[in-house]
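Residue numbers (our numbering): -7 to 501. All C-beta atoms, glycine included, are put in the ideal place defined by N, C-alpha and C. In this text, all values refer to a predicted model and were calculated from it rather than measured experimentally.
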């Protein structure tokens, strides 16, 4: 019987069945990674829980270090071991270094969004080169030193005033203050001091970045449920919320860039912010006829910087202070080191960090990144071609996420893995720069975070001054074991503490 003689309802039923049959035939004979049992349509979505990295860790104990999860129609391969991470990020780096583009509900009419999620190719290589050589080079990072020191100084002054003006038992919300610190630092590095007088401030922008993280950090109904999901996304207001968020973000970037184009803006080269650098590159390339950079490229770079930079340092410092507050012995050891090194100078500067006289402080940062990586799941990579990991077939257009939270807590690699023990890094060459696959807080390979130095330097400077300038007490009636160390059920992009850290500061000097 010819297809054109079939009833319409039967044709509509046959089409998805034929597509499913085609997929089954295509993958027949392949050794796909093991997977927990899936439900029709939603796949494994119901099994993720509020903290996906913890869910993946639990399932890996039954299904192994390489697992296949289906989130609706989206295939994810989850990597839960250092050996498998090495295969993906080093051996098959070129096969798995692309990035899924925004589609469906999130496919909005803003060019900078498409650029920010550009797949691997010539453009991505060009922008990566600019980030490494121009925006996040050691020289550029050091040029922002005055911003970091000024903003950390403002934080210390604020806490010191609170300690002087209130009773000895009044706690400060350290989480709130540290988030504000890193937001201000990244804001000034991107937009410059002058932008504060433009009618748009960094506090408003922080709220906008949070909304952006929420918008792109999860899954849309359309991504999970084909054909009908887009209706749900529009009916529940999700599409309208996305449109408003990215409209506001686009306006914010537009205003900032145009402010930087004004002829009266004249600054020293050593105080250029990121927009200044990008506009200079745009001008140079236009004059040379290359024209690789335009306004949308600048907006895309700014968005990626804020999404990757605002939370990383703050999360690290908050978790570090939480762990130290729970263990007075470690707190005293860290304070003694900093105070013996700095003496009566009054503040820790970046010169002090460069002298290598604070090894224990840097061990604390490492141990915090091991137990509490800011991004528990590395940003998903999309595979370009077929390859094998741990003997399993990985097909093109599969998303791969490395569970660095699970790897950092794996007893196979770490003795007493759940214990916060900075001394484990004494005379230990393991580092976080992407070459040791049992310790990957910033990723590895082509997609490694280019801002490692900026992030860790901010964390070290903030933590060193908090330890040097204050003695810290718990609020009245609270014991060390009462500090809530639960992880927040936020978006996939970061691993925040569920409850704010409130401590009582006592001025040291």
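Three or more C-beta pairs closer than 8 Å, one from the region 109 to 118 and one from the region 407 to 426: is that the case here? Counting Cβ pairs under 8 Å, fewer than three are found: no touch.
Distance check for residue 396 and residue 36, CA to CA, integer angstroms please. Residue mapping note: residue 36 aligns to position 44 of the chain shown, counting from 1. Residue mapping note: residue 396 aligns to position 404 of the chain shown, counting from 1. Near 21 Å, if we compare the C-alpha coordinates of residue 396 and residue 36.
For residue 28, which of 153, 41, 478 and 51 has the nearest alpha-carbon? Stepping through the chain shown from its first residue, residue 28 is reached at position 36. Minimum Cα distance to residue 28 is reached at 51.
Every unbroken alpha helix (DSSP H) within the region 392 to 422, with a cutoff of 4 residues, ordered by chain: DSSP assignment within the region 392 to 422 yields the following whole alpha helix (DSSP H) runs of 4 residues or more, N-terminal first: 396 to 400.
Use the C-beta contact count for residue 220: other C-beta atoms within 10 angstroms, 16 or more gives buried, fewer gives exposed. For the purposes of this step, residue 220 is identified with residue 228 of the chain shown, where counting begins at 1. For residue 220, the number of other beta carbons within 10 angstroms of its own is below 16, and it is reported as exposed.
Write down every uninterrupted run of the alpha helix (DSSP H) in the region 254 to 288 whose length is 4 residues or greater and which is fully enclosed by it, in chain order. The DSSP assignment places 266 to 280 as complete runs of the alpha helix (DSSP H) inside the region 254 to 288, in order along the chain (cut-off: 4 residues).
Could you pull the start and end residues of the alpha helix (DSSP H) that residue 36 belongs to? Here residue 36 is taken as the residue at index 44 of the chain shown, counted from 1. DSSP places residue 36 outside any alpha helix (DSSP H), giving it a letter other than H or E.
Among 198, 183 and 237, which residue has its Cα nearest to the Cα of residue 208? Translated into the one-based positions of the chain shown, residue 208 becomes position 216. Nearest option by C-alpha distance: 237.
By the three-class DSSP mapping on this structure, what secondary structure does residue 340 have? Mapped onto the chain shown, residue 340 falls at position 348. Note: residue 340 maps to coil in three-state DSSP.
Cβ distance (whole Å) where residue 372 is taken to contact residue 92 below 8 Å: Counting from 1 along the chain shown, the entry for residue 372 is found at position 380. Counting from 1 along the chain shown, the entry for residue 92 is found at position 100. Right, their Cβ atoms sit about 6 Å apart.
Please state whether DSSP places residue 54 in a helix, a strand or coil. Along the chain shown, read from residue 1 onward, the residue named residue 54 stands at position 62. It is helical.
CA-to-CA distance, residue 180 to residue 188, given in whole angstroms: Mapped onto the chain shown, residue 188 falls at position 196. Mapped onto the chain shown, residue 180 falls at position 188. Because the pLDDT of residue 188 is 47, which lies under 50, any placement of that residue in the model is unreliable, and the question is left without a value.
Short CB-CB distance (under 8 Å) between residue 55 and chain B: The structure shown contains no chain B; it is built from a single protein chain.
Excluding five sequence neighbours on each side, which residues of the same chain lie with their C-beta closer than 7 Å to the C-beta of residue 190? The residue labelled residue 190 in the question sits at position 198 within the chain shown. Its pLDDT being 47, under 50, residue 190 is placed unreliably by the model, and the measurement read from it follows with that caveat. For residue 190, where only same-chain residues beyond five positions count, the Cβ hits under 7 Å are 247 and 251.
When you compare the region 58 to 70 with the region 251 to 261, are there three or more beta-carbon pairs, one atom per stretch, that lie closer than 8 Å? no
Where does residue 140 land, buried or exposed, given buried means 16+ other C-beta within 10 angstroms? As a first step, residue 140 is located in the chain shown; it is residue number 148 there, counting from the start. With 16 or more other Cβ atoms within 10 Å, it is buried.
Do the CB positions of residue 310 and residue 489 come within less than 8 Å of each other? Position 318 of the chain shown, counting from 1, holds the residue named residue 310. Position 497 of the chain shown, counting from 1, holds the residue named residue 489. Taking 8 Å as the Cβ cut-off, residue 310 and residue 489 qualify as a contacting pair.
Just checking, does the region 312 to 322 make contact with the region 450 to 465 on the three C-beta pairs under 8 Å criterion? yes
Determine the DSSP secondary structure at residue 63, reduced to helix, strand or coil. Sequence index remark: in the chain shown, residue 63 carries index 71 (1-based). Looking at residue 63 - three-state DSSP - the assignment turns out to be strand.
If residue 124 sits next to residue 442, beta carbons under 8 Å apart, how far is it from one beta carbon to the other, in whole angstroms? Taking the chain shown and counting its residues from 1, the one referred to as residue 124 is at position 132. Taking the chain shown and counting its residues from 1, the one referred to as residue 442 is at position 450. A Cβ-Cβ distance of about 5 Å is found for the pair residue 124 and residue 442, placing them in contact under the 8 Å criterion.
Alpha helix (DSSP H) containing residue 183: first to last residue? By one-based count along the chain shown, residue 183 stands at place 191. First-last of the alpha helix (DSSP H) with residue 183: 166 to 183.
Assigned secondary structure, residue 493 (DSSP; H/G/I helix, E/B strand, else coil): In the chain shown, the residue the question calls residue 493 occupies position 501. Residue state, collapsed to three classes: coil.
Taking residue 499 as the reference, which of 153, 116 and 284 has the closest Cα? Reading the chain shown from its first residue, position 507 is the one you call residue 499. Of the candidates 153, 116 and 284, the one whose C-alpha sits nearest the C-alpha of residue 499 is 153.
With C-beta atoms as the reference, is residue 479 less than 8 Å away from residue 43? Here residue 479 refers to the residue found at position 487 when the chain shown is read from its first residue. Here residue 43 refers to the residue found at position 51 when the chain shown is read from its first residue. Against a cut-off of 8 Å, the Cβ pair of residue 43 and residue 479 comes out as a contact.
Residue 222 to residue 62, Cα distance in whole Å? In the chain shown, the residue the question calls residue 222 occupies position 230. In the chain shown, the residue the question calls residue 62 occupies position 70. Roughly 19 Å separates the two Cα atoms.
Taking 8 Å as the threshold (C-beta atoms), are residue 59 and residue 32 in contact? To locate residue 32, count along the chain shown from 1; it is residue 40. To locate residue 59, count along the chain shown from 1; it is residue 67. No, the Cβ-Cβ distance between residue 32 and residue 59 is not below 8 Å.
Would you mind stating whether residue 367 and residue 487 have Cβ atoms separated by less than 8 Å? Counting from 1 along the chain shown, the entry for residue 367 is found at position 375. Counting from 1 along the chain shown, the entry for residue 487 is found at position 495. The answer is yes: Cβ separation under 8 Å.
Here's the rule: buried if 16 or more other CB atoms are within 10 angstroms of the residue's CB, otherwise exposed. What is residue 375? Taking the first residue of the chain shown as 1, we reach residue 375 at position 383. Counting Cβ neighbours within 10 Å, residue 375 comes out buried, since at least 16 surround it.
Assuming residue 454 and residue 144 make a contact with CB atoms under 8 Å, what is their CB distance in whole Å? The residue you call residue 454 lines up with position 462 of the chain shown. The residue you call residue 144 lines up with position 152 of the chain shown. Their Cβ separation, rounded to whole angstroms, is 6 Å, which keeps residue 454 and residue 144 in contact under 8 Å.
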